[in-house]
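Input: a single structure, listed below in structure tokens.
Residue numbers (our numbering), protein chains in the order written: chain A, 340 to 571; chain B, 340 to 571.
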């Protein structure tokens, strides 16, 4: 099991049992999502911006319009990108012991503007395939003009904090267990719905297999190895 | 329709059609979630921390241990709290026009430490009821010692930016429509699973009605007026 490097920023100070140094756990968290929250200073203001991302195992990519203020401000400055999956409510006997089952990764670093055309295409491919495997080879790829209008940023996965909480509440062995109250977990599930065709779509154009087979499956879905179980 | 006040920070500069000044839209976005991303400067580092919140219509509350570095650093400093709901993938004919249907609210401001015991209890009640309506009256409420170990912060909803994207892709009338590619939306749904009892729970303790009726319903669930439709 590969281990993450600890820095002053990523050292788990409290709730150490929720901290993880497992590299596989990081990869699983980043692989299971496609929206992150980017924290960045823009003109003296702190912004937390939801944005899509892609991750190739060593680098996290995010993108947007070249006119975006938050993307223009990010290169060369310290940012924090957080990916969070909420897995359920932890319903304890006491309000104090309530909590959330979750998996999160915080990535610290200084993003780099991607200018090289080949790396830019590879990064955009990674970003597209992160949310929709198969789509890069199906949809029309970016033109030269579209590439020029797109800013792509790369953030290395060098300094990362992973936190995970799973399982039951923790007051089952304390005095509160005598209260006779129900306790447990209410899980939260995310799943893809049924495909909704663009109303402007010509009749007779059927969705490709990589999209059709996702409908009704757990998110993230049809990536190899994630066990895209059909919900019952 | 009440309108949100625009400031230099919350003025929608780009993608103005995704910006909303509708107060009801803000209330709906904040009401539909219970996890936010708090952006805060801690000892010179920018952190984006996922945390639970409650909202009473004028104030957003978040909390944690008095030992938490991010909560200790937040009062009196400028923070940004973002709540995001991801509703689906927008699958266009071109990669360039791909996007995400989402609803997000960014709250800017300077949080205040809540010291008054009555306001603290009311804020914790709001926070508990946000994720789990009915739970404050069911679970054991915080003791004096537990209250002392809990930091509660209040952030007024005075400066907020709301962004929403809904609907189909936007290249259905351009030249890409001739490519014969499928385009549309793949919706993402969040739902509560079946209750999982704490393995330490005494047999015979049944879940209360406010929890039992949530299983299998759309998240956020059983709040009045949100139409907690059972998933089919």
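Note that beta-carbon positions come from the ideal geometry of N, C-alpha and C, so glycine has one too.
For residue 429 of chain A, is the classification buried or exposed, using 16 other Cβ atoms within 10 angstroms of its Cβ as the cut-off for buried?
Taking the first chain and counting its residues from 1, one reaches residue 429 of chain A at position 90. Buried: at least 16 other Cβ atoms inside 10 Å.
Assign residue 363 of chain B to one of two classes, buried (16 or more other C-beta atoms within 10 Å of its C-beta) or exposed (fewer than that).
As a first step, residue 363 of chain B must be located in the second chain, where it is residue number 24. Per the 10 Å Cβ criterion, exposed.
Quick one: Cα of residue 544 of chain B to Cα of residue 521 of chain A, how far?
In the second chain, the residue the question calls residue 544 of chain B occupies position 205. In the first chain, the residue the question calls residue 521 of chain A occupies position 182. In a straight line, the C-alpha of residue 544 of chain B is about 6 Å away from that of residue 521 of chain A.
How about residue 349 of chain A: is its C-beta nearer than 7 Å to some C-beta of chain E?
Protein chains A and B are contained in the structure displayed, whereas chain E is not.
Between the region 424-438 of chain B and chain A, which residues of the former have a C-beta closer than 9 Å to a C-beta of the latter?
425, 427, 428, 430, 431, 432, 433, 434, 435, 436, 437 and 438
For residue 391 of chain A, return the contacting residues in chain B, with the cut-off set at a CB-CB distance below 7 Å.
Here residue 391 of chain A corresponds to residue number 52 of the first chain, with the count starting at 1. Going along chain B in sequence order, the residues near residue 391 of chain A (Cβ under 7 Å) are 439.
Along the chain, where does the beta strand (DSSP E) that runs through residue 389 of chain A open and close?
Sequence index remark: in the first chain, residue 389 of chain A carries index 50 (1-based). Residues 384-394.
Go to residue 502 of chain B, then tell me how far its beta strand (DSSP E) extends in each direction, as first and last residue.
Reading the second chain from its first residue, position 163 is the one you call residue 502 of chain B. Looking at the DSSP string, the run of the beta strand (DSSP E) that includes residue 502 of chain B is 498-504.
Burial state of residue 484 of chain B (16 or more Cβ within 10 Å):
Position 145 of the second chain, counted from the first residue, corresponds to residue 484 of chain B. Burial call: exposed.
Determine, for residue 556 of chain B, whether the minimum Cβ-Cβ distance to residues of chain A falls below 7 Å.
The residue you call residue 556 of chain B lines up with position 217 of the second chain. Answer no: the Cβ-Cβ gap between residue 556 of chain B and chain A never drops below 7 Å.
At a Cβ threshold of 7 Å, is residue 417 of chain A touching chain B?
On the first chain, position 78 is the one that residue 417 of chain A refers to. So yes, residue 417 of chain A belongs to the interface.
Return the chain-ordered list of same chain residues with a C-beta closer than 6 Å to the C-beta of residue 390 of chain B, the five sequence neighbours on each side being excluded.
For this step, residue 390 of chain B is matched to residue 51 along the second chain. Contacts found: 377 and 401.
If the cut is a Cβ gap below 8 Å, which residues of chain B does residue 473 of chain A touch?
In the first chain, residue 473 of chain A corresponds to position 134, counting from 1. None at all; the shortest Cβ gap to chain B is about 11 Å.
On the DSSP bridge list, what partners appear for residue 451 of chain A?
Walking along the first chain from the start, residue 451 of chain A turns up at place 112. DSSP lists A:493 as partners of residue 451 of chain A.
If we cut at 7 Å on Cβ distances, does residue 364 of chain B have a partner in chain A?
As a working note, residue 364 of chain B is residue 25 in the second chain. It does not: the Cβ of residue 364 of chain B has no partner Cβ on chain A nearer than 7 Å.
Please report the straight-line C-alpha distance between residue 488 of chain B and residue 504 of chain A, rounded to a whole angstrom.
Here residue 488 of chain B refers to the residue found at position 149 when the second chain is read from its first residue. Here residue 504 of chain A refers to the residue found at position 165 when the first chain is read from its first residue. About 20 Å.
Neighbouring residues, chain B, relative to residue 524 of chain A (Cβ below 7 Å):
As a first step, residue 524 of chain A must be located in the first chain, where it is residue number 185. 535, listed in chain order.
Could you check the C-alpha separation between residue 535 of chain A and residue 405 of chain B for me, to the nearest Å?
The count along the first chain starts at 1 and reaches residue 535 of chain A at position 196. The count along the second chain starts at 1 and reaches residue 405 of chain B at position 66. Roughly 47 Å between the two C-alpha positions.
Roughly how many angstroms separate the alpha carbons of residue 563 of chain A and residue 537 of chain A, rounded to a whole number?
In the first chain, the residue the question calls residue 563 of chain A occupies position 224. In the first chain, the residue the question calls residue 537 of chain A occupies position 198. Summary for residue 563 of chain A: the model assigns pLDDT 37, below 50, so the residue's position carries little reliability, and this model does not support an answer.
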